[in-house]
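Student: Respectively, the protein sequence lines represent chains A and B. Numbered per this note's numbering, the first sequence spans residues 57 to 349. Numbered per this note's numbering, the second sequence spans residues 57 to 349.
There are 2 protein chains.
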Amino acid sequence: MRLVDDRRPGFQAELAQLWPHTGSSQVIGITGNPGSGKSSLVDLLTTRYRALGRRVGVLAVDPSSPFSGGAILGDRIRMQHHSADPGVFIRSLATRGALGGLTASTADTIIVMEALGLDPIIVETVGVGQDEVDIARVAHCTVVVTVPGLGDEIQNLKAGILEIADLFVVNKADREGADQVASELQQMQRLGVAEREIPVLLTSTRTGAGLDQLVEALEQHRRDLLEGDGWHHRELLRAGRHLRTLAVEAFLQTHGLAREDAGPRALLEAVVARRVDPWAAAQTILRPQEVLP
Amino acid sequence: MRLVDDRRPGFQAELAQLWPHTGSSQVIGITGNPGSGKSSLVDLLTTRYRALGRRVGVLAVDPSSPFSGGAILGDRIRMQHHSADPGVFIRSLATRGALGGLTASTADTIIVMEALGLDPIIVETVGVGQDEVDIARVAHCTVVVTVPGLGDEIQNLKAGILEIADLFVVNKADREGADQVASELQQMQRLGVAEREIPVLLTSTRTGAGLDQLVEALEQHRRDLLEGDGWHHRELLRAGRHLRTLAVEAFLQTHGLAREDAGPRALLEAVVARRVDPWAAAQTILRPQEVLP
Numbered sequence: 057m058r059l060v061d062d063r064r065p066g067f068q069a070e071l072a073q074l075w076p077h078t079g080s081s082q083v084i085g086i087t088g089n090p091g092s093g094k095s096s097l098v099d100l101l102t103t104r105y106r107a108l109g110r111r112v113g114v115l116a117v118d119p120s121s122p123f124s125g126g127a128i129l130g131d132r133i134r135m136q137h138h139s140a141d142p143g144v145f146i147r148s149l150a151t152r153g154a155l156g157g158l159t160a161s162t163a164d165t166i167i168v169m170e171a172l173g174l175d176p177i178i179v180e181t182v183g184v185g186q187d188e189v190d191i192a193r194v195a196h197c198t199v200v201v202t203v204p205g206l207g208d209e210i211q212n213l214k215a216g217i218l219e220i221a222d223l224f225v226v227n228k229a230d231r232e233g234a235d236q237v238a239s240e241l242q243q244m245q246r247l248g249v250a251e252r253e254i255p256v257l258l259t260s261t262r263t264g265a266g267l268d269q270l271v272e273a274l275e276q277h278r279r280d281l282l283e284g285d286g287w288h289h290r291e292l293l294r295a296g297r298h299l300r301t302l303a304v305e306a307f308l309q310t311h312g313l314a315r316e317d318a319g320p321r322a323l324l325e326a327v328v329a330r331r332v333d334p335w336a337a338a339q340t341i342l343r344p345q346e347v348l349p
Numbered sequence: 057m058r059l060v061d062d063r064r065p066g067f068q069a070e071l072a073q074l075w076p077h078t079g080s081s082q083v084i085g086i087t088g089n090p091g092s093g094k095s096s097l098v099d100l101l102t103t104r105y106r107a108l109g110r111r112v113g114v115l116a117v118d119p120s121s122p123f124s125g126g127a128i129l130g131d132r133i134r135m136q137h138h139s140a141d142p143g144v145f146i147r148s149l150a151t152r153g154a155l156g157g158l159t160a161s162t163a164d165t166i167i168v169m170e171a172l173g174l175d176p177i178i179v180e181t182v183g184v185g186q187d188e189v190d191i192a193r194v195a196h197c198t199v200v201v202t203v204p205g206l207g208d209e210i211q212n213l214k215a216g217i218l219e220i221a222d223l224f225v226v227n228k229a230d231r232e233g234a235d236q237v238a239s240e241l242q243q244m245q246r247l248g249v250a251e252r253e254i255p256v257l258l259t260s261t262r263t264g265a266g267l268d269q270l271v272e273a274l275e276q277h278r279r280d281l282l283e284g285d286g287w288h289h290r291e292l293l294r295a296g297r298h299l300r301t302l303a304v305e306a307f308l309q310t311h312g313l314a315r316e317d318a319g320p321r322a323l324l325e326a327v328v329a330r331r332v333d334p335w336a337a338a339q340t341i342l343r344p345q346e347v348l349p
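(1) Using beta-carbon positions only, say whether R106 (chain B) and V112 (chain B) come within less than 8 Å of one another.
(2) How should G264 (chain A) be labelled, buried or exposed, when 16 other C-beta atoms within 10 angstroms of its C-beta is the threshold for buried?
(3) Taking contact to mean 3 or more Cβ pairs, one atom from each stretch, closer than 8 Å, check whether the segment 80-91 of chain B and the segment 162-177 of chain B are in contact.
(4) Suppose you measure from the CA of G153 (chain A) to the CA of G79 (chain B); what does that come to, to the nearest Å?
(5) Assuming contact is defined by CB atoms lying nearer than 8 Å, are R290 (chain B) and L313 (chain A) in contact in what I supplied?
(6) Measuring straight from C-alpha to C-alpha, what distance separates G185 (chain A) and R315 (chain B)?
(7) Residues of the segment 316-333 of chain B in Cβ contact with chain A at a cutoff of 7 Å, in chain order, please.
(8) Who are the Cβ neighbours of H298 (chain A) in its own chain at under 7 Å, not counting the five residues just before and after it?
(9) Can you list the residues of chain A that I341 (chain B) reaches, using a CB-CB cut of under 8 Å?
(10) E291 (chain A) CB to nearest chain B CB: under 8 Å?
(11) Less than 7 Å between the CB of F224 (chain B) and some heavy atom of the ligand HEM, yes or no?
(12) Once you ignore the five residues that flank G93 (chain A) on each side, which residues in its own chain have a CB closer than 8 Å to its CB?
(13) Measure from the C-beta of L71 (chain B) to each C-beta in chain A and report whether the shortest distance is under 8 Å.
(14) For G143 (chain A), which option in A:I254, A:Q242, A:T103 and A:M244 has the closest C-alpha, if you only look at C-alpha atoms?
(15) Considering only DSSP beta bridges, list what V114 (chain B) is partnered with.
(16) Thinking C-alpha only, which one of B:V256, B:P90 and B:C197 is nearest D280 (chain B)?
(17) Which residues of chain A have a Cβ atom closer than 8 Å to the Cβ of H311 (chain B), listed in chain order?
(18) What is the DSSP secondary structure of L74 (chain A), reduced to helix, strand or coil?
(19) Taking 8 Å as the limit between beta carbons, can you name the residues of its chain near R147 (chain A), skipping five residues before and five after?
(20) Nearest-angstrom Cα distance between H311 (chain A) and R246 (chain A)?
(21) May I ask which residues mark the beginning and end of the alpha helix (DSSP H) holding T102 (chain A)?
(22) Are there 16 or more other CB atoms within 10 angstroms of the CB of G109 (chain B), so buried, or fewer, so exposed?
(23) Report the CB separation of I191 (chain B) from T87 (chain B) in whole angstroms; it is logged as a contact under 8 Å.
(24) Among A:R294, A:G296, A:D333 and A:R193, which has the Cα closest to the Cα of A295 (chain B)?
(25) Please report the distance separating the alpha-carbon of G286 (chain A) from that of P65 (chain B).
(26) Between the alpha carbons of S96 (chain A) and G205 (chain B), how many angstroms are there, rounded?
(27) Helix, strand or coil for T202 (chain A)? Go by DSSP, reduced to three states.
(28) When burial is assigned at 16 or more other CB atoms within 10 Å of the CB, is D222 (chain A) buried or exposed?
(29) Just checking: is the beta-carbon of A306 (chain A) within a distance shorter than 8 Å of some beta-carbon in chain B?
(30) Which same chain residues end up closer than 6 Å to W75 (chain A) when comparing Cβ atoms and leaving out the 5 residues on each side of it in sequence?
(31) Taking its Cβ as the centre, do 16 or more other Cβ atoms sit within 10 Å of G284 (chain B), making it buried, or is it exposed?
(32) Bridge partners for T259 (chain A) per DSSP, in chain order?
(33) Would you call R278 (chain A) buried or exposed, if buried means 16 or more other Cβ atoms sit within 10 Å of its Cβ?
(34) Which residues in the same chain have their Cβ closer than 7 Å to the Cβ of W335 (chain B), if we skip the five residues on either side of it in sequence?
(35) Cutting at 7 Å between CB atoms, please list the residues of its own chain near G156 (chain A), excluding the five before and the five after it.
(36) Of the residues B:E305, B:A329 and B:A337, which one's Cα is nearest the Cα of P320 (chain B)?
See the structure below:
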């Protein structure tokens with residue numbers, strides 16, 4: 057794991073050896089508004105899956121910390137009661153790097169978790185600047201969590217959400233307005249262009265209500281994907297994203313563009329001096345044989 | 057502008073012609089918590105700059121809508137009273153694409169605004185999933201807006217914020233707790249490793265208080281950058297980011313990886329079938345002469 061965090065030389069070769077042992081774990085993405093109780097939900101889900109005898113991976117991703125490399129959050133305090141359980145593997149990642157959102161480290165960590173036989177692997181976004189979209193690209197099932205009382209947050213969420221949600225969860229369902237939010241989410245679907253109906257579940261992490269139903273809905277989603285070509289389709293999407301990330305990473309590395317503040321200095325100076333335009337400069341990078349003006 | 061939005065063939069050549077006419081406008085990034093009144097702040101700032109005889113560009117970027125191509129938000133309703141003013145140029149962009157955060161379209165739009173002689177150009181993030189970090193990479197001056205009463209939001213913001221903020225604004229300063237927030241932001245700086253002191257300003261978009269001081273602070277920031285090598289340094293960073301984006305875009309295009317759901321299908325199938333690992337596949341893309349196993 058540390059190998060993955062630090063991206064030391066040789067880590068790719070080791071990961072490549074794990075690759076044949078991956079591909080059967082269900083990756084569950086959990087995203088939604090800050091304050092919607094995602095963390096408690098992940099905590100309770102982990103307990104339920106453990107009761108079913110499953111070994112669980114939990115990966116908390118913080119896209120708001122791009123400047124901090126590696127796993128800065130450590131084992132998360134709220135998950136501490138799982139930390140003595142060898143059947144639960146918890147990892148926190150500050151995402152980083154030039155490409156934004158969930159990075160190669162996320163994909164790499166999931167691969168290690170898959171190879172360890174953890175199933176499901178729950179990926180949760182934490183912090184602000186959450187990318188509720190990126191998570192759908194690494195998950196087989198994306199759970200979008202919301203709560204009553206956020207006002208226009210649901211309006212705000214609307215933009216890309218129908219395209220990424222596989223399950224909606226209205227958490228803190230013991231609060232007033234939960235049914236209202238649930239019916240709004242159902243109405244939103246009728247207005248939208250969703251290909252299939254997205255189930256809306258009510259949960260309460262305080263009382264534990266709805267948790268069994270959520271686990272069952274997640275299991276059902278896995279079965280649905282596996283019965284059709286859904287699972288294979290998601291695997292292709294996931295592999296496509298991973299491949300693109302790796303290829304871009306290697307491309308940037310090769311051309312000295314990997315570091316945010318670095319780059320081919322002479323070329324950048326020529327661009328800033330307006331002697332070369334950025335598009336010509338980009339072509340120079342792609343075709344280094346061309347001579348600078 | 058439509059050329060840029062649609063990224064039609066030939067738009068790059070036209071933008072390249074504009075390049076020599078850019079480089080002197082101040083790009084101001086405005087970011088911060090949802091509900092902090094960023095939009096009203098941009099509105100009032102625009103009015104002040106107009107009173108100073110400046111032609112103003114306003115670019116609202118919505119990173120929460122990666123699936124929607126082009127300018128979906130249209131001219132923003134709240135800015136409507138500026139819409140009859142030929143000295144104000146307003147543009148809304150839904151960011152999108154594989155690379156996350158602010159995309160090439162943002163940089164391209166700024167270039168057009170620079171070439172039009174608009175100065176300053178105010179770039180504001182809207183919606184959820186805000187990338188408060190990316191904006192710092194296109195701006196000369198990044199303004200981080202917060203308000204009293206958000207509780208741990210300031211805690212949440214802490215992660216990368218000292219590294220990107222050039223100015224802090226505590227908006228809704230007529231509300232209780234504004235001074236408290238301001239002093240917390242000052243304390244935060246003493247605890248952190250900031251290289252320079254980041255000014256903390258109090259504003260109220262309701263009363264207009266502090267707006268003149270904000271304009272003056274922005275002007276001062278520009279002067280400070282221009283007096284030292286700060287401006288040139290930021291221009292290098294901005295050019296570096298733009299160049300990287302363009303180079304990656306061209307790279308993805310060349311290798312059929314540009315579309316999220318597409319990719320070299322046979323290679324992806326081999327990866328999903330675990331016949332090839334993703335790292336070997338990435339190398340195959342970079343060095344197409346190698347033969348697949």
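Each residue gets a CB set at the ideal place from its N, CA and C atoms; glycine is no exception.
Tutor: With the given structure in hand:
(1) Here residue 106 (chain B) is taken as the residue at index 50 of the second sequence, counted from 1. Here residue 112 (chain B) is taken as the residue at index 56 of the second sequence, counted from 1. In this structure, V112 (chain B) lies closer than 8 Å to R106 (chain B) by Cβ.
(2) By 1-based counting over the first sequence, the position of residue 264 (chain A) is 208. Exposed, by the Cβ-count rule.
(3) yes
(4) Position 97 of the first sequence, counted from the first residue, corresponds to residue 153 (chain A). Position 23 of the second sequence, counted from the first residue, corresponds to residue 79 (chain B). In this predicted model, G153 (chain A) has a pLDDT of only 45, less than 50, meaning its place in the structure is not dependable; the value taken from the coordinates is given anyway. Each residue's Cα considered, the two are about 26 Å apart.
(5) Counting from one through the second sequence, the residue named residue 290 (chain B) turns up at place 234. Counting from one through the first sequence, the residue named residue 313 (chain A) turns up at place 257. Contact: no.
(6) Mapped onto the first sequence, residue 185 (chain A) falls at position 129. Mapped onto the second sequence, residue 315 (chain B) falls at position 259. With a pLDDT of only 43 at G185 (chain A), under 50, the local geometry of the prediction cannot be trusted, and the value read off the model is given with reservation. About 24 Å.
(7) D317, G319, L324, V327, V328, R330 and D333
(8) Start at 1 with the first residue of the first sequence, and residue 298 (chain A) comes out as number 242. So the qualifying residues of the chain are A163.
(9) Mapped onto the second sequence, residue 341 (chain B) falls at position 285. Per Cβ cutoff of 8 Å: L299 and A303.
(10) The sequence position of residue 291 (chain A) within the first sequence is 235, counting from 1. Yes - at least one Cβ of chain B is within 8 Å of the one on E291 (chain A).
(11) Although the ligand HEM was asked about, the structure shown includes no ligands whatsoever.
(12) As a working mapping, residue 93 (chain A) is identified with position 37 in the first sequence. Excluding positions up to five away in sequence, the list reads V201, V203, N227, K228 and T261.
(13) The sequence position of residue 71 (chain B) within the second sequence is 15, counting from 1. Answer yes: the Cβ-Cβ gap between L71 (chain B) and chain A drops below 8 Å somewhere.
(14) The count along the first sequence starts at 1 and reaches residue 143 (chain A) at position 87. Comparing Cα-Cα distances from G143 (chain A) to each of A:I254, A:Q242, A:T103 and A:M244, the minimum goes to A:T103.
(15) Indexing the second sequence from 1 puts residue 114 (chain B) at position 58. In the DSSP output, where bridge partners are listed per residue, V114 (chain B) has B:I146 and B:I178.
(16) For this step, residue 280 (chain B) is matched to residue 224 along the second sequence. Closest option to D280 (chain B), Cα to Cα, is B:C197.
(17) Within the second sequence, residue 311 (chain B) is the residue found at index 255, counting from 1. Within chain A, the residues near H311 (chain B) are A303.
(18) The sequence position of residue 74 (chain A) within the first sequence is 18, counting from 1. Reduced to three states, the DSSP call for L74 (chain A) is helix.
(19) Counting from 1 along the first sequence, the entry for residue 147 (chain A) is found at position 91. Answer for R147 (chain A): M57, G113, V114, L115, A116, A127, T165 and M169, listed in chain order.
(20) In the first sequence, the residue the question calls residue 311 (chain A) occupies position 255. In the first sequence, the residue the question calls residue 246 (chain A) occupies position 190. For H311 (chain A) and R246 (chain A), the distance between alpha carbons rounds to 48 Å.
(21) Along the first sequence, read from residue 1 onward, the residue named residue 102 (chain A) stands at position 46. First-last of the alpha helix (DSSP H) with T102 (chain A): K94 to A107.
(22) Locating residue 109 (chain B) in the second sequence gives position 53, where the first residue counts as 1. Per the 10 Å Cβ criterion, exposed.
(23) Position 135 of the second sequence, counted from the first residue, corresponds to residue 191 (chain B). Position 31 of the second sequence, counted from the first residue, corresponds to residue 87 (chain B). With 8 Å as the limit, I191 (chain B) and T87 (chain B) qualify as a contact, their Cβ atoms being about 5 Å apart.
(24) Against the second sequence, residue 295 (chain B) aligns to sequence position 239. Closest option to A295 (chain B), Cα to Cα, is A:D333.
(25) On the first sequence, position 230 is the one that residue 286 (chain A) refers to. On the second sequence, position 9 is the one that residue 65 (chain B) refers to. Rounded to whole angstroms, G286 (chain A) to P65 (chain B) spans 35 Å at the Cα level.
(26) Along the first sequence, read from residue 1 onward, the residue named residue 96 (chain A) stands at position 40. Along the second sequence, read from residue 1 onward, the residue named residue 205 (chain B) stands at position 149. Near 24 Å, if we compare the C-alpha coordinates of G205 (chain B) and S96 (chain A).
(27) On the first sequence, position 146 is the one that residue 202 (chain A) refers to. Note: T202 (chain A) maps to strand in three-state DSSP.
(28) Indexing the first sequence from 1 puts residue 222 (chain A) at position 166. Counting Cβ neighbours within 10 Å, D222 (chain A) comes out buried, since at least 16 surround it.
(29) For the purposes of this step, residue 306 (chain A) is identified with residue 250 of the first sequence, where counting begins at 1. Yes, A306 (chain A) counts as interfacial toward chain B.
(30) Taking the first sequence and counting its residues from 1, the one referred to as residue 75 (chain A) is at position 19. There are no such residues.
(31) Within the second sequence, numbered from 1, the residue matching residue 284 (chain B) stands at position 228. Looking at its Cβ environment, which holds fewer than 16 other Cβ atoms inside 10 Å, G284 (chain B) is exposed.
(32) The sequence position of residue 259 (chain A) within the first sequence is 203, counting from 1. T259 (chain A) is not bridged to any residue.
(33) The residue you call residue 278 (chain A) lines up with position 222 of the first sequence. Buried is the call here.
(34) Taking the first residue of the second sequence as position 1, residue 335 (chain B) is located at position 279. Correct list: empty, nothing qualifies.
(35) The sequence position of residue 156 (chain A) within the first sequence is 100, counting from 1. Residue confidence is low: G156 (chain A) scores 42 on pLDDT, short of 50, so the model does not pin down where it sits. Its coordinate-derived value is still stated next. So the list is empty, once near-sequence residues are dropped.
(36) Within the second sequence, numbered from 1, the residue matching residue 320 (chain B) stands at position 264. Of the candidates B:E305, B:A329 and B:A337, the one whose C-alpha sits nearest the C-alpha of P320 (chain B) is B:A337.
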